Amino acid sequence: MSEPDRQSTLAALVAALPEFDWIKEAPKVKRLSRDFHWFSPVLKHQLEEKFAELAVRPRDENELLAVVAACTKARIPLNLRGGGTGNYGQLIPLEGGVIVDMTRLNSVTAMGTGTVRAQAGIRLGDFEAHTRPHGWELRCIPSTWKLATPGGLFGGGFGGVGSINYGPLAAPGIVLEIELALAPCHDWIERLDTFADFPSAMAYADALARSHGIVKRQIAVFAAPVLDYFSDLADAQIRAQHGVISVTGSESDGLLPAILAQHNGRNALHFAEGENSGHSLIEYCWNHTTLQALKVDKTLTYLQTAYAVDNYHQQVLAMEAELSDEVMSHIEFLRDMNGALTCSGLPLIRYSSPERLDAIMDIYRSHNVKINNPHVIHIEDGKQGMVRPDVVVLKSACDPYNLLNPGKLRGWEVRETLSAVHIPGVN
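This note's numbering runs 216 ahead of the 1-based position in the sequence shown.
Shown next, in the form of C-alpha coordinates:
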(Lines of atoms letter the chains of each structure in order from A and count residues from 1; the text may use other names and numbers.)
(Lines give C-alpha, C1' and ligand atoms only; values in the text may rest on other atoms or scores of the structure.)
Protein backbone atom coordinates (compact mmCIF):
# COMPACT_ATOMS: atom_id res chain seq x y z
CA MET A 1 0.00 0.00 0.00
CA SER A 2 1.43 3.41 -0.98
CA GLU A 3 1.85 6.07 1.69
CA PRO A 4 -1.00 8.26 0.34
CA ASP A 5 -3.29 5.22 0.21
CA ARG A 6 -2.29 4.25 3.73
CA GLN A 7 -3.05 7.70 5.12
CA SER A 8 -6.36 7.71 3.28
CA THR A 9 -7.20 4.30 4.78
CA LEU A 10 -6.36 5.48 8.29
CA ALA A 11 -8.46 8.62 7.85
CA ALA A 12 -11.36 6.49 6.64
CA LEU A 13 -11.00 4.28 9.71
CA VAL A 14 -11.41 7.27 12.03
CA ALA A 15 -14.29 8.64 9.96
CA ALA A 16 -16.11 5.31 10.15
CA LEU A 17 -15.94 5.31 13.98
CA PRO A 18 -16.11 9.03 14.81
CA GLU A 19 -17.46 8.64 18.35
CA PHE A 20 -14.48 6.56 19.50
CA ASP A 21 -11.61 7.97 21.58
CA TRP A 22 -8.98 8.36 18.87
CA ILE A 23 -5.54 9.79 19.61
CA LYS A 24 -4.13 11.42 16.49
CA GLU A 25 -1.54 13.89 17.79
CA ALA A 26 1.89 12.55 16.83
CA PRO A 27 3.62 13.14 20.22
CA LYS A 28 0.84 11.32 22.09
CA VAL A 29 0.82 8.44 19.59
CA LYS A 30 4.60 8.14 19.87
CA ARG A 31 4.37 8.01 23.66
CA LEU A 32 1.78 5.23 23.48
CA SER A 33 4.09 3.38 21.05
CA ARG A 34 6.84 3.12 23.70
CA ASP A 35 7.69 0.58 26.39
CA PHE A 36 10.88 -0.10 28.35
CA HIS A 37 12.80 -1.67 25.45
CA TRP A 38 15.42 1.06 25.99
CA PHE A 39 16.82 -1.06 28.83
CA SER A 40 18.59 -2.74 25.89
CA PRO A 41 20.98 -0.55 23.86
CA VAL A 42 20.53 -3.02 21.01
CA LEU A 43 16.73 -2.70 20.94
CA LYS A 44 16.90 1.04 21.55
CA HIS A 45 18.86 1.44 18.33
CA GLN A 46 16.63 -0.91 16.34
CA LEU A 47 13.29 0.45 17.53
CA GLU A 48 13.85 4.17 18.07
CA GLU A 49 12.05 5.12 14.82
CA LYS A 50 9.17 2.63 15.12
CA PHE A 51 5.79 4.18 15.96
CA ALA A 52 2.11 3.67 15.32
CA GLU A 53 0.20 6.20 13.22
CA LEU A 54 -2.95 6.23 15.34
CA ALA A 55 -4.06 5.14 18.79
CA VAL A 56 -7.49 4.42 20.22
CA ARG A 57 -8.89 3.77 23.70
CA PRO A 58 -11.95 1.50 23.49
CA ARG A 59 -14.36 2.02 26.37
CA ASP A 60 -15.94 -1.42 26.26
CA GLU A 61 -15.68 -4.73 24.45
CA ASN A 62 -18.12 -3.66 21.74
CA GLU A 63 -15.87 -0.74 20.82
CA LEU A 64 -12.84 -3.04 20.87
CA LEU A 65 -14.57 -5.49 18.54
CA ALA A 66 -15.52 -2.67 16.19
CA VAL A 67 -11.93 -1.39 16.05
CA VAL A 68 -10.50 -4.85 15.40
CA ALA A 69 -13.12 -5.56 12.72
CA ALA A 70 -12.48 -2.25 10.97
CA CYS A 71 -8.69 -2.73 11.04
CA THR A 72 -9.09 -6.27 9.72
CA LYS A 73 -11.31 -5.13 6.88
CA ALA A 74 -8.83 -2.41 5.92
CA ARG A 75 -5.77 -4.66 6.59
CA ILE A 76 -4.31 -2.18 9.07
CA PRO A 77 -1.84 -3.58 11.64
CA LEU A 78 -2.78 -3.19 15.29
CA ASN A 79 -0.91 -3.68 18.56
CA LEU A 80 -2.50 -4.00 22.00
CA ARG A 81 -1.14 -1.88 24.86
CA GLY A 82 -1.62 -2.39 28.59
CA GLY A 83 0.52 -0.40 31.00
CA GLY A 84 3.45 -0.18 28.58
CA THR A 85 5.84 -1.69 31.12
CA GLY A 86 7.26 -4.49 28.96
CA ASN A 87 11.01 -4.71 28.39
CA TYR A 88 11.42 -6.27 24.96
CA GLY A 89 9.54 -3.96 22.60
CA GLN A 90 6.53 -6.29 22.65
CA LEU A 91 4.05 -3.51 21.98
CA ILE A 92 6.18 -1.43 19.62
CA PRO A 93 4.71 -1.55 16.08
CA LEU A 94 7.29 -2.54 13.50
CA GLU A 95 4.87 -1.77 10.66
CA GLY A 96 2.93 1.21 11.99
CA GLY A 97 -0.83 1.03 12.19
CA VAL A 98 -2.98 1.43 15.30
CA ILE A 99 -2.13 1.13 19.00
CA VAL A 100 -5.11 -0.13 21.00
CA ASP A 101 -4.83 1.19 24.57
CA MET A 102 -6.71 -1.35 26.71
CA THR A 103 -6.67 0.53 30.02
CA ARG A 104 -10.34 1.57 29.92
CA LEU A 105 -11.37 -2.08 30.00
CA ASN A 106 -10.70 -2.08 33.72
CA SER A 107 -13.69 -3.53 35.57
CA VAL A 108 -13.67 -6.28 38.18
CA THR A 109 -16.53 -8.47 36.95
CA ALA A 110 -16.71 -11.17 39.65
CA MET A 111 -15.26 -11.87 43.10
CA GLY A 112 -15.38 -15.42 44.43
CA THR A 113 -13.87 -17.30 47.34
CA GLY A 114 -10.22 -17.38 46.36
CA THR A 115 -10.88 -16.28 42.77
CA VAL A 116 -11.44 -13.01 40.95
CA ARG A 117 -12.41 -12.10 37.41
CA ALA A 118 -11.58 -8.80 35.72
CA GLN A 119 -11.06 -7.14 32.37
CA ALA A 120 -7.60 -7.12 30.87
CA GLY A 121 -6.92 -3.39 31.23
CA ILE A 122 -7.20 -3.00 35.00
CA ARG A 123 -4.01 -1.90 36.77
CA LEU A 124 -2.72 -4.73 38.94
CA GLY A 125 -2.45 -2.36 41.89
CA ASP A 126 -6.13 -1.48 41.53
CA PHE A 127 -6.92 -5.16 41.03
CA GLU A 128 -5.30 -6.12 44.35
CA ALA A 129 -6.89 -3.14 46.09
CA HIS A 130 -10.23 -4.73 45.20
CA THR A 131 -9.33 -8.22 46.47
CA ARG A 132 -7.58 -7.31 49.74
CA PRO A 133 -10.72 -6.17 51.62
CA HIS A 134 -12.07 -9.67 50.92
CA GLY A 135 -8.97 -11.26 52.51
CA TRP A 136 -7.22 -12.20 49.25
CA GLU A 137 -4.29 -10.96 47.20
CA LEU A 138 -2.84 -11.71 43.78
CA ARG A 139 -0.55 -14.72 43.75
CA CYS A 140 2.02 -13.06 41.52
CA ILE A 141 2.69 -9.43 40.59
CA PRO A 142 5.53 -7.84 38.60
CA SER A 143 7.58 -5.08 40.18
CA THR A 144 5.62 -2.74 37.87
CA TRP A 145 2.30 -3.67 39.51
CA LYS A 146 1.24 -0.06 39.99
CA LEU A 147 1.03 0.41 36.19
CA ALA A 148 0.98 -3.09 34.68
CA THR A 149 -2.23 -4.84 33.62
CA PRO A 150 -3.25 -8.52 33.56
CA GLY A 151 -3.55 -8.30 29.78
CA GLY A 152 0.07 -7.24 29.51
CA LEU A 153 1.29 -9.65 32.18
CA PHE A 154 -0.36 -12.67 30.59
CA GLY A 155 0.27 -11.45 27.05
CA GLY A 156 4.00 -10.87 27.41
CA GLY A 157 5.16 -11.19 31.00
CA PHE A 158 7.01 -13.79 33.05
CA GLY A 159 6.24 -13.67 36.75
CA GLY A 160 7.58 -11.66 39.64
CA VAL A 161 6.80 -11.16 43.30
CA GLY A 162 5.08 -14.34 44.44
CA SER A 163 6.87 -16.58 41.93
CA ILE A 164 8.87 -17.97 44.86
CA ASN A 165 5.61 -19.71 45.84
CA TYR A 166 3.75 -20.15 42.57
CA GLY A 167 6.40 -20.13 39.86
CA PRO A 168 6.31 -18.22 36.56
CA LEU A 169 3.32 -17.85 34.28
CA ALA A 170 2.35 -21.19 32.77
CA ALA A 171 1.43 -19.80 29.34
CA PRO A 172 0.75 -16.49 27.59
CA GLY A 173 -2.48 -15.52 25.92
CA ILE A 174 -4.47 -12.68 24.41
CA VAL A 175 -7.10 -11.98 27.05
CA LEU A 176 -10.04 -9.60 27.25
CA GLU A 177 -11.16 -10.93 30.62
CA ILE A 178 -9.33 -13.26 32.96
CA GLU A 179 -10.15 -15.26 36.07
CA LEU A 180 -7.32 -15.74 38.54
CA ALA A 181 -6.81 -17.91 41.60
CA LEU A 182 -5.82 -15.80 44.60
CA ALA A 183 -3.71 -16.26 47.73
CA PRO A 184 -4.75 -15.47 51.31
CA CYS A 185 -3.70 -11.98 52.41
CA HIS A 186 -0.75 -11.53 54.74
CA ASP A 187 0.66 -8.56 56.59
CA TRP A 188 4.02 -8.32 54.85
CA ILE A 189 7.33 -7.13 56.28
CA GLU A 190 9.89 -5.71 53.84
CA ARG A 191 13.55 -5.75 54.75
CA LEU A 192 16.96 -5.13 53.25
CA ASP A 193 19.85 -7.03 54.84
CA THR A 194 23.49 -6.43 53.92
CA PHE A 195 26.65 -8.55 53.89
CA ALA A 196 30.37 -8.02 53.47
CA ASP A 197 30.68 -10.80 50.86
CA PHE A 198 28.45 -12.22 48.13
CA PRO A 199 28.57 -15.92 49.16
CA SER A 200 27.15 -14.99 52.58
CA ALA A 201 24.34 -13.00 50.98
CA MET A 202 23.53 -15.86 48.64
CA ALA A 203 23.61 -18.43 51.46
CA TYR A 204 21.29 -16.31 53.62
CA ALA A 205 18.79 -15.86 50.78
CA ASP A 206 18.92 -19.57 49.99
CA ALA A 207 18.24 -20.41 53.64
CA LEU A 208 15.17 -18.16 53.65
CA ALA A 209 13.96 -19.59 50.37
CA ARG A 210 14.35 -23.19 51.54
CA SER A 211 12.70 -22.69 54.92
CA HIS A 212 9.16 -24.04 54.71
CA GLY A 213 8.36 -22.40 58.04
CA ILE A 214 8.93 -18.86 56.75
CA VAL A 215 5.97 -17.27 54.99
CA LYS A 216 7.43 -15.36 52.07
CA ARG A 217 6.53 -13.46 48.93
CA GLN A 218 9.86 -12.24 47.58
CA ILE A 219 13.61 -12.90 47.95
CA ALA A 220 16.27 -11.21 45.81
CA VAL A 221 20.08 -11.08 46.06
CA PHE A 222 22.31 -8.25 44.83
CA ALA A 223 26.08 -8.29 44.45
CA ALA A 224 28.01 -5.12 45.19
CA PRO A 225 27.86 -2.49 43.85
CA VAL A 226 24.19 -2.91 42.80
CA LEU A 227 22.94 -1.37 46.06
CA ASP A 228 24.96 1.77 45.26
CA TYR A 229 22.47 2.50 42.48
CA PHE A 230 19.56 2.57 44.95
CA SER A 231 20.12 6.27 45.58
CA ASP A 232 16.82 6.71 47.44
CA LEU A 233 18.06 4.22 50.05
CA ALA A 234 21.52 5.75 50.56
CA ASP A 235 20.76 6.82 54.14
CA ALA A 236 20.61 3.13 55.11
CA GLN A 237 24.42 2.91 54.75
CA ILE A 238 24.35 0.20 52.10
CA ARG A 239 27.11 1.45 49.81
CA ALA A 240 29.66 -1.19 48.69
CA GLN A 241 27.60 -3.92 50.39
CA HIS A 242 26.02 -7.08 49.04
CA GLY A 243 22.33 -7.26 49.80
CA VAL A 244 19.17 -9.34 50.15
CA ILE A 245 15.67 -7.90 49.86
CA SER A 246 12.97 -10.08 51.36
CA VAL A 247 9.22 -9.76 51.80
CA THR A 248 8.03 -12.13 54.52
CA GLY A 249 4.88 -12.56 56.57
CA SER A 250 4.71 -10.69 59.86
CA GLU A 251 4.19 -14.03 61.60
CA SER A 252 7.66 -15.11 60.39
CA ASP A 253 9.48 -11.85 61.06
CA GLY A 254 10.84 -12.96 64.43
CA LEU A 255 12.64 -15.91 62.82
CA LEU A 256 14.89 -13.87 60.55
CA PRO A 257 17.34 -12.21 62.99
CA ALA A 258 18.81 -15.56 64.07
CA ILE A 259 19.26 -16.68 60.45
CA LEU A 260 20.79 -13.31 59.60
CA ALA A 261 23.28 -13.64 62.46
CA GLN A 262 24.30 -17.10 61.27
CA HIS A 263 25.38 -15.51 57.97
CA ASN A 264 27.09 -12.45 59.49
CA GLY A 265 24.55 -10.05 58.04
CA ARG A 266 23.25 -6.64 59.16
CA ASN A 267 19.71 -5.36 58.85
CA ALA A 268 19.65 -2.03 57.02
CA LEU A 269 15.91 -1.51 56.46
CA HIS A 270 12.84 -3.06 58.07
CA PHE A 271 9.25 -1.87 57.79
CA ALA A 272 5.72 -3.10 57.28
CA GLU A 273 4.30 -2.97 53.77
CA GLY A 274 3.03 0.53 53.02
CA GLU A 275 4.80 2.20 55.97
CA ASN A 276 7.72 3.60 53.97
CA SER A 277 5.91 6.70 52.60
CA GLY A 278 4.13 4.56 50.05
CA HIS A 279 7.39 3.21 48.62
CA SER A 280 8.04 -0.51 48.51
CA LEU A 281 11.28 -2.47 48.34
CA ILE A 282 9.52 -4.51 45.66
CA GLU A 283 10.32 -1.55 43.41
CA TYR A 284 14.01 -2.43 43.71
CA CYS A 285 13.51 -6.04 42.60
CA TRP A 286 13.00 -7.85 39.30
CA ASN A 287 13.52 -5.44 36.41
CA HIS A 288 12.94 -2.45 38.65
CA THR A 289 16.54 -3.12 39.72
CA THR A 290 17.60 -2.36 36.16
CA LEU A 291 15.46 0.78 36.11
CA GLN A 292 16.97 2.04 39.38
CA ALA A 293 20.48 1.45 38.05
CA LEU A 294 19.78 3.16 34.72
CA LYS A 295 18.64 6.28 36.55
CA VAL A 296 22.23 6.58 37.78
CA ASP A 297 24.23 5.09 34.90
CA LYS A 298 22.64 5.02 31.45
CA THR A 299 25.48 2.92 30.01
CA LEU A 300 24.33 -0.21 31.84
CA THR A 301 22.16 -2.97 30.46
CA TYR A 302 21.07 -6.41 31.66
CA LEU A 303 20.55 -10.08 30.83
CA GLN A 304 18.00 -12.72 31.77
CA THR A 305 19.44 -15.98 33.06
CA ALA A 306 17.88 -19.22 34.26
CA TYR A 307 19.78 -21.54 36.60
CA ALA A 308 19.54 -25.31 37.04
CA VAL A 309 17.39 -26.69 39.85
CA ASP A 310 20.04 -29.15 41.04
CA ASN A 311 23.01 -26.75 41.28
CA TYR A 312 21.81 -23.16 40.96
CA HIS A 313 23.77 -22.10 44.04
CA GLN A 314 27.09 -23.27 42.60
CA GLN A 315 26.30 -21.76 39.19
CA VAL A 316 25.51 -18.36 40.71
CA LEU A 317 28.74 -18.28 42.72
CA ALA A 318 30.79 -19.40 39.72
CA MET A 319 29.38 -16.67 37.48
CA GLU A 320 29.91 -14.00 40.13
CA ALA A 321 33.53 -15.08 40.57
CA GLU A 322 34.25 -15.15 36.84
CA LEU A 323 32.45 -12.04 35.61
CA SER A 324 32.22 -9.62 38.54
CA ASP A 325 34.43 -7.02 36.81
CA GLU A 326 31.74 -6.30 34.22
CA VAL A 327 28.66 -8.18 35.47
CA MET A 328 26.84 -7.40 38.73
CA SER A 329 24.82 -10.36 39.92
CA HIS A 330 21.11 -9.92 40.62
CA ILE A 331 19.32 -13.12 41.60
CA GLU A 332 15.58 -13.75 42.03
CA PHE A 333 14.34 -16.90 43.77
CA LEU A 334 11.31 -18.70 42.33
CA ARG A 335 9.71 -22.08 41.74
CA ASP A 336 10.01 -23.69 38.32
CA MET A 337 7.09 -25.10 36.35
CA ASN A 338 7.32 -28.32 38.37
CA GLY A 339 7.33 -26.55 41.73
CA ALA A 340 11.05 -27.02 42.45
CA LEU A 341 13.00 -24.18 44.04
CA THR A 342 15.47 -22.47 41.74
CA CYS A 343 16.48 -18.97 40.77
CA SER A 344 16.74 -16.71 37.77
CA GLY A 345 19.02 -13.77 37.20
CA LEU A 346 18.71 -10.21 35.91
CA PRO A 347 22.39 -9.24 36.14
CA LEU A 348 23.49 -5.71 35.36
CA ILE A 349 26.05 -5.49 32.56
CA ARG A 350 28.68 -2.81 31.98
CA TYR A 351 27.84 -2.56 28.29
CA SER A 352 30.62 -2.01 25.77
CA SER A 353 29.47 -3.54 22.47
CA PRO A 354 26.97 -6.02 21.00
CA GLU A 355 29.85 -8.42 20.39
CA ARG A 356 30.96 -8.38 24.02
CA LEU A 357 27.36 -8.78 25.15
CA ASP A 358 27.10 -11.91 23.00
CA ALA A 359 30.40 -13.17 24.44
CA ILE A 360 29.12 -12.74 28.00
CA MET A 361 25.99 -14.71 27.12
CA ASP A 362 28.20 -17.48 25.73
CA ILE A 363 30.15 -17.59 29.01
CA TYR A 364 26.90 -18.15 30.89
CA ARG A 365 25.90 -20.89 28.46
CA SER A 366 29.29 -22.58 28.94
CA HIS A 367 28.31 -22.98 32.61
CA ASN A 368 24.97 -24.52 31.55
CA VAL A 369 23.10 -21.37 32.54
CA LYS A 370 20.22 -20.73 30.15
CA ILE A 371 19.95 -17.31 28.54
CA ASN A 372 16.59 -15.78 27.66
CA ASN A 373 17.97 -13.05 25.43
CA PRO A 374 16.20 -9.71 26.08
CA HIS A 375 18.05 -7.92 23.28
CA VAL A 376 16.17 -9.39 20.30
CA ILE A 377 12.97 -8.52 18.47
CA HIS A 378 11.87 -11.94 17.24
CA ILE A 379 10.18 -14.36 19.63
CA GLU A 380 12.25 -17.28 18.38
CA ASP A 381 15.53 -15.52 19.21
CA GLY A 382 14.57 -15.08 22.85
CA LYS A 383 13.15 -17.67 25.19
CA GLN A 384 11.83 -20.09 22.55
CA GLY A 385 15.18 -20.45 20.80
CA MET A 386 13.63 -22.00 17.68
CA VAL A 387 10.83 -21.73 15.16
CA ARG A 388 7.88 -23.61 16.66
CA PRO A 389 5.32 -24.88 14.14
CA ASP A 390 2.60 -24.99 16.81
CA VAL A 391 3.03 -21.28 17.53
CA VAL A 392 2.83 -20.46 13.83
CA VAL A 393 -0.30 -22.62 13.46
CA LEU A 394 -1.95 -20.77 16.34
CA LYS A 395 -0.95 -17.42 14.81
CA SER A 396 -2.39 -18.47 11.45
CA ALA A 397 -5.67 -19.54 13.01
CA CYS A 398 -6.13 -16.44 15.17
CA ASP A 399 -4.56 -13.85 12.89
CA PRO A 400 -4.67 -15.09 9.27
CA TYR A 401 -3.82 -11.66 7.83
CA ASN A 402 -0.84 -11.12 10.16
CA LEU A 403 -2.20 -7.86 11.55
CA LEU A 404 -1.55 -8.41 15.27
CA ASN A 405 1.95 -7.14 16.05
CA PRO A 406 3.38 -8.13 12.64
CA GLY A 407 7.10 -8.70 12.25
CA LYS A 408 7.78 -10.28 15.65
CA LEU A 409 7.37 -13.96 14.63
CA ARG A 410 10.16 -15.22 12.38
CA GLY A 411 8.27 -18.45 11.71
CA TRP A 412 5.52 -16.55 9.91
CA GLU A 413 7.83 -15.92 6.97
CA VAL A 414 8.53 -19.66 6.55
CA ARG A 415 5.09 -20.97 7.50
CA GLU A 416 4.61 -22.76 4.18
CA THR A 417 7.70 -24.89 4.82
CA LEU A 418 6.82 -26.02 8.36
CA SER A 419 5.54 -29.45 9.28
CA ALA A 420 1.80 -29.78 9.88
CA VAL A 421 0.71 -29.58 13.51
CA HIS A 422 -2.78 -30.30 14.80
CA ILE A 423 -3.97 -28.25 17.78
CA PRO A 424 -7.33 -29.46 19.13
CA GLY A 425 -9.93 -26.74 18.94
CA VAL A 426 -7.74 -24.57 16.72
CA ASN A 427 -7.28 -26.32 13.39
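Where is the CB? At the ideal position from N, CA and C, for every residue including glycine. From a predicted model like this one, the values you see are computed outputs, not experimental measurements.
Buried or exposed (CB count within 10 angstroms, at least 16 for buried), residue i
i, result
"Leu281", "exposed"
"Cys287", "buried"
"Thr517", "buried"
"Gln434", "buried"
"His504", "buried"
"Pro616", "exposed"
"Asp317", "buried"
"Gly555", "exposed"
"Pro473", "exposed"
"Asp448", "exposed"
"Thr464", "buried"
"Ile390", "exposed"
"Arg301", "Strictly speaking, residue 301 in this sequence is Thr, with Arg absent from that position. When all chains shown are included, Thr301 counts as buried."
"Arg275", "exposed"
"Gly237", "It is worth fixing the name first, because residue 237 is Asp in this sequence and not Gly. It is exposed - the Cβ of Asp237 has fewer than 16 other Cβ atoms within 10 Å."
"Arg551", "buried"
"Lys514", "exposed"
"Thr325", "exposed"
"Pro400", "exposed"
Assigned secondary structure, residue i (DSSP; H/G/I helix, E/B strand, else coil)
i, result
"Asp448", "helix"
"Thr464", "strand"
"Lys289", "helix"
"Leu510", "helix"
"Gly459", "strand"
"Gln262", "helix"
"Trp502", "coil"
"Ala304", "According to the sequence shown, residue 304 is Tyr rather than Ala. Tyr304 falls in the coil class under three-state DSSP."
"Thr225", "helix"
"Ala522", "strand"
"Thr633", "helix"
"Trp352", "strand"
"Leu248", "helix"
"Ile390", "coil"
"Asp597", "helix"
"Met544", "strand"
"Arg581", "helix"
"Leu471", "helix"
"Leu296", "strand"
"Glu277", "helix"
"Lys624", "coil"
"Met327", "strand"
"Phe411", "strand"
"Arg320", "coil"
"Leu443", "helix"
"Ile565", "strand"
"Trp238", "strand"
"Glu571", "helix"
"Leu516", "strand"
"Ile639", "coil"
"Trp254", "helix"
"Ile454", "coil"
Endpoints, the alpha helix (DSSP H) within which residue i is located
i, result
"Leu340", "340-347"
"Phe370", "366-372"
"Glu393", "Glu393 -> not in any alpha helix (DSSP H); beta strand (DSSP E) instead, spanning 393-400."
"Ser560", "Run containing Ser560: none in the alpha helix (DSSP H); it sits in the beta strand (DSSP E), 557-561."
"Asn381", "379-382"
"Met217", "That residue, Met217, is in no alpha helix (DSSP H); it is neither H nor E in DSSP."
"Val607", "605-614"
Boundaries of the beta strand (DSSP E) in which residue i is found, first to last residue
i, result
"Lys432", "432-438"
"Met535", "That residue, Met535, is in no beta strand (DSSP E); its alpha helix (DSSP H) goes 528-539."
"Gln335", "331-335"
"Leu485", "482-488"
"Val272", "270-272"
"Asp317", "314-317"
"Met553", "From DSSP, Met553 is part of no beta strand (DSSP E); its letter is neither H nor E."
Query raised in the report: Below 8 Å, can you find three or more Cβ-Cβ pairs linking the segment 480-490 to the segment 408-425?
Result: With the cut-off at 8 Å, the segment 480-490 and the segment 408-425 touch.
Query raised in the report: Can at least three beta-carbon pairs, one atom from the segment 262-270 and one from the segment 293-310, be found at a separation below 8 Å?
Result: Enough Cβ pairs lie closer than 8 Å, so yes.
Query raised in the report: How do the segment 331-349 and the segment 386-401 stand: do at least 3 beta-carbon pairs fall below 8 Å, yes or no?
Result: Touching, per the Cβ criterion.
Query raised in the report: Do three or more CB pairs link the segment 517-534 to the segment 556-575 at distances below 8 Å?
Result: Contact between the segment 517-534 and the segment 556-575 is present, because at least three Cβ pairs lie under 8 Å.
Requested in this report: State whether the segment 288-302 contacts the segment 573-585, with contact taken as three or more CB pairs (one from each stretch) at a distance under 8 Å.
Outcome: Look at the beta carbons and you see the segment 288-302 not touching the segment 573-585: under three pairs across the two are nearer than 8 Å.
Query raised in the report: Is the segment 523-534 touching the segment 337-357 in the sense that three or more CB pairs, one from each, lie closer than 8 Å?
Result: Because the criterion of three Cβ pairs below 8 Å is not met, the segment 337-357 and the segment 523-534 do not touch.
Query raised in the report: Touching or not, the segment 429-443 and the segment 368-379, by the rule of three or more beta carbon pairs under 8 Å?
Result: The count of Cβ pairs closer than 8 Å, one atom from the segment 429-443 and one from the segment 368-379, reaches three, so the stretches are in contact.
Query raised in the report: Touch check for the segment 586-602 and the segment 243-260: three-plus C-beta pairs under 8 Å?
Result: Flag = yes, the segment 586-602 and the segment 243-260 touch.
Query raised in the report: So, do the segment 535-551 and the segment 439-456 have three or more beta carbon pairs nearer to each other than 8 Å?
Result: Counting C-beta pairs closer than 8 Å gives three or more between the segment 535-551 and the segment 439-456, which meets the contact rule.
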